[in-house]
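56 is the number of the first residue of the sequence shown in my numbering; add one for each residue after it.
The beta carbon of each residue, even a glycine, is placed where N, CA and C say it ideally should be.
Report on one structure; see the data block that follows.
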Amino acid sequence: MLPNVVEMLVASGARLVRIMGDMVSRAPNEVWFRRFENVPHRNLVCSRPLLDHVLTDRVLHDPRIRLRENTTVLALDGTAKAVTGVQVKTGDTQETLRADLVVDASGRGTSAPRWLQDLGLPAVEQREVNAGVAYATRLYKAPGSTAARTFPLVNVQANPSKAPGRGGIILPIEDDRWIVTLCGTRGGEPTAENDAFIDFALSLGDPVIGELLKNAEPIGDVKTSRSTANTRRYYEKMKAWPDGFIALGDAIAGYNPVYGHGLSVAAQCALAVRDVLRDHPLTAPGTARRAQRAAARPVGAAWDLAVGQDALYPGASATPPNRVERLLARYVDRCVETGASNPRALAALLDVMSLLKPPTRLFSPDMLVPMLTGPKMKLLTEPPLTEAEREAALR
Ligand SMILES: Cc1cc2nc3c(=O)[nH]c(=O)nc-3n(C[C@H](O)[C@H](O)[C@H](O)COP(=O)(O)OP(=O)(O)OC[C@H]3O[C@@H](n4cnc5c(N)ncnc54)[C@H](O)[C@@H]3O)c2cc1C
């Protein structure tokens, strides 16, 4: 949809990080991934302002697209059978904008369930699985001599079987900065106190993040966030659906950000809608419903992955995981362990985790053969950080 946008981001300072060649990562089951270099998957790493700036710039190059700034949508216009526009407010001025198709992309705080009820539709079924994850994030100047080299992304993931789960990540981003995010589930949350940040990092399952921050200079204060629950609205199951309206991205489902799925799913939803609109006229009765159902497919795949892990935390869900879900979670653990020391299995695992392939890929020979024959290489119990990398952070 936006050709060359990744290249444009990289030209503006974003990094394409090789998974796992440029990463030092400890999996939820406490296994360190080996830094295999021949796996094709990449992480795009940059700040959100850079991402939004490049995307907005790129989109607004299309002369058909107009951006209305400082404008809030207040309600949908139309009936339970068809949405015909939105009521908006810009400053003190309210008006109605007519539309053939209204797309709700207003994120996890969407008001669409209420707006649809206001039009006379029934309440949408919703589900929340909330591991109670709190985030604390602080920006640092890239310490020591790390700015001069491609320093790896460092990640210590929380272990759901040892609540409270605590984890953290160092993301080297543009302008020689590190975004450092620490997180913890109920009873193990990080705080907004600047002085407690490094101690929390040192208290993780492995202290590597705290150690690397020893000589790092912070830029600004710690910021916290609790918008991390997995929340899903099952629009695709509604018996009645109006023409002229769809919801996309986080407005359908938001995930625990720890899994890094949100942007990919939002993009996959948009592609699914594009495919429907190629075969069905925008204004034909039933097109919006078809598009909403198509958008639910990528949502379902990401949802199952995120909830499969998070439902294991105490109090996360009103319906705790059943036997099959627990069995699957244990199988995923085995896949992670296998991928940690075998590059083919790692590629299969990443195909699923990055939403390129369905979870059935975890049962392919690339995964099953190394799983059954056992690891050729020893599982790592220490972070695979080179001495030179460690020293670069400290000097
Ligand atoms: C702490 C955190 C870290 C994350 N990290 C990652 C990550 O590393 N990788 C990843 O892929 N995803 C990540 N995510 C998830 C990602 O941010 C979302 O999945 C993604 O932004 C969803 O895009 P969206 O367009 O659906 O909604 P949003 O990006 O939330 O955009 C919604 C927009 O709608 C506007 N809006 C809301 N209501 C109205 C209204 N009534 N009228 C007008 N405008 C309105 C909002 O101001 C906002 O600009 C993270 C999320 C959080 C909270």
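Closest Cα partner of residue i within the set the options
| i | options | result |
| --- | --- | --- |
| D250 | L268, G242, M432 | L268 |
| A343 | Q212, D276, V328 | V328 |
| M49 | S396, Q212, T126 | What is shown of the chain runs 56 to 450, which leaves residue 49 out entirely. |
| Y289 | V79, A351, M422, L423 | A351 |
| D79 | D173, T205, T134, G187 | Here the sequence assigns Val to residue 79, which means Asp is not the residue at that position. Minimum Cα distance to V79 is reached at T205. |
| L405 | I74, T428, F255 | I74 |
| D231 | S419, R70, Y386 | R70 |
| S419 | Q181, H116, V407 | V407 |
| L129 | L156, L171, V60 | L171 |
| D273 | V263, E248, P262 | According to the sequence as given, residue 273 is Pro; it is not Asp. Cα-wise, what sits closest to P273 is E248. |
| A321 | G341, Q347, T151, L156 | Q347 |
| A191 | P312, E150, R399 | P312 |
| G133 | R121, D117, L156, L360 | L156 |
| V61 | E85, V100, F88 | V100 |
| A284 | L237, M422, V188, P413 | V188 |
| R287 | E180, E150, R89, E437 | E180 |
| S280 | P262, T236, Q323, E291 | T236 |
| M56 | G315, V114, V211 | V114 |
| N210 | P168, G68, V72 | V72 |
| A213 | L382, D365, G146 | D365 |
| M422 | Q149, L401, S200 | L401 |
| G239 | S258, W233, L131 | S258 |
| I301 | P168, A373, Y310 | P168 |
| G275 | G309, P262, W233 | W233 |
| I225 | E266, V86, Q142 | E266 |
| G370 | V65, R445, P215 | P215 |
| P413 | T148, N185, S200, W358 | W358 |
| L303 | I120, E446, V86, A349 | A349 |
| M426 | E446, A403, L411 | A403 |
| G76 | R97, D254, V424 | R97 |
Bridge partners - residue i, DSSP secondary structure assignment
| i | result |
| --- | --- |
| N270 | Answer is none; N270 lacks a bridge partner. |
| D159 | A302 |
| E183 | T286 |
| P58 | In DSSP, P58 forms no bridge with anything. |
| T192 | T236, K278 |
| G223 | V211, L237 |
| W87 | R81, L435 |
| A308 | R287 |
| I228 | R232 |
Residue i, enclosing beta strand (DSSP E) - first and last residue
| i | result |
| --- | --- |
| Q149 | 148 to 153 |
| V209 | 208 to 211 |
| K144 | 138 to 145 |
| A130 | 126 to 133 |
| L99 | 97 to 100 |
| V72 | 70 to 73 |
Inter-residue Cα distance where the pair is residue i and residue j
| i | j | result |
| --- | --- | --- |
| F252 | N377 | 36 Å |
| G260 | A82 | 11 Å |
| K217 | G394 | 22 Å |
| G140 | D159 | 11 Å |
| C390 | L435 | 15 Å |
| G162 | I307 | 8 Å |
| S282 | N125 | 23 Å |
| T165 | P118 | 28 Å |
| R182 | A203 | 46 Å |
| L174 | I264 | 51 Å |
| L360 | Y314 | 9 Å |
| M293 | R345 | 12 Å |
| P227 | G317 | 20 Å |
| N354 | C324 | Reading off the sequence shown, one finds Val at residue 354, where the question assumed Asn. The alpha-carbon atoms of V354 and C324 are separated by roughly 8 Å. |
| Y386 | L332 | 38 Å |
| E229 | P207 | 14 Å |
| N59 | S319 | 16 Å |
| P177 | A373 | 22 Å |
Where the alpha helix (DSSP H) containing residue i begins and where it ends
| i | result |
| --- | --- |
| C324 | 317 to 334 |
| S396 | 378 to 396 |
| A346 | 342 to 365 |
| R103 | 103 to 114 |
| T428 | 420 to 428 |
| R445 | 442 to 449 |
| D254 | 252 to 257 |
| L171 | 167 to 173 |
Closer than 9 Å to chain D by CB, residue i
| i | result |
| --- | --- |
| D107 | Of the chains in the structure shown, none is chain D; there is only one protein chain. |
Checklist entry - Do three or more CB pairs link the stretch 214 to 221 to the stretch 236 to 243 at distances below 8 Å? => result yes
Item to check | Any 3 or more C-beta pairs closer than 8 Å across the stretch 326 to 342 and the stretch 191 to 202 | outcome: no
Next on the checklist: With three or more C-beta pairs closer than 8 Å as the rule, is the stretch 77 to 95 touching the stretch 103 to 113?
Outcome noted: no
Next on the checklist: Whether or not the stretch 136 to 150 and the stretch 295 to 311 are in contact is what I'm after, with contact meaning three or more pairs of Cβ atoms, one per stretch, closer than 8 Å; do they touch?
Outcome noted: yes
Checklist entry - Counting pairs of Cβ atoms below 8 Å between the stretch 110 to 121 and the stretch 433 to 449, do you hit three or more? => result no
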